[in-house]
Amino acid sequence: MPRRESKDAPELLRGTLFTLRRRCGKANCRCAEGDAHESPALAYPEGGRTKTLSLTHADLDQVRAALERYERTRSALDASADAGIAELRALLRRGRS
Ligand SMILES: [Zn+2]
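For the sequence shown, this note's numbering gives the first residue as 183, with consecutive numbering after it.
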C-alpha cells in the first residue's frame, strides 16, 4: 500500500486513540466464540459528545503526529494566555496605584 502523502494528512487532531473491539455478527466467524475484531480508533469530542472514527494501522503514524501537534499548539497557546494574565495583572496594579 502506498504511503499517504503528508499533504493529505490533517495538520491537527484532537482526541484519544484506543482499540475498538467488535463482533461482526456472522455466526461462523471466529469472533462469535473467540476474540472480537480489533482495530485502532480515535475518540474525539464533537458538539459535547464523544464520537469515534475507526482507523487502519496505516493511518496511525499520521494521526499520532497530528494529535501531538495539537497538544504542542495548545500548550503554546496556554502559555501565551498565562503571560496575558500576568500582563493584565501588572496593568491593573499600575492603574490602582
Ligand atoms: Zn467476526
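Note that the Cβ used here is the ideal one computed from N, Cα and C, for glycine as well.
Of the other Cβ atoms in all chains shown, 16 or more fall within 10 Å of the Cβ of A223; this residue is therefore buried.
Following the DSSP letters along the chain, one finds T232 in no alpha helix (DSSP H) but inside the beta strand (DSSP E) bounded by residues R231 to S236. A residue is called buried once 16 or more other Cβ atoms fall within 10 Å of its Cβ, and G207, having fewer, is exposed. Any heavy atom of ligand 1 counts here; residues with a Cβ closer than 7 Å to one of them, in chain order, are R205, C206, K208, C211, R212, C213, A214 and H219. Between A265 and Y252, the alpha-carbon positions lie close to 20 Å from each other.
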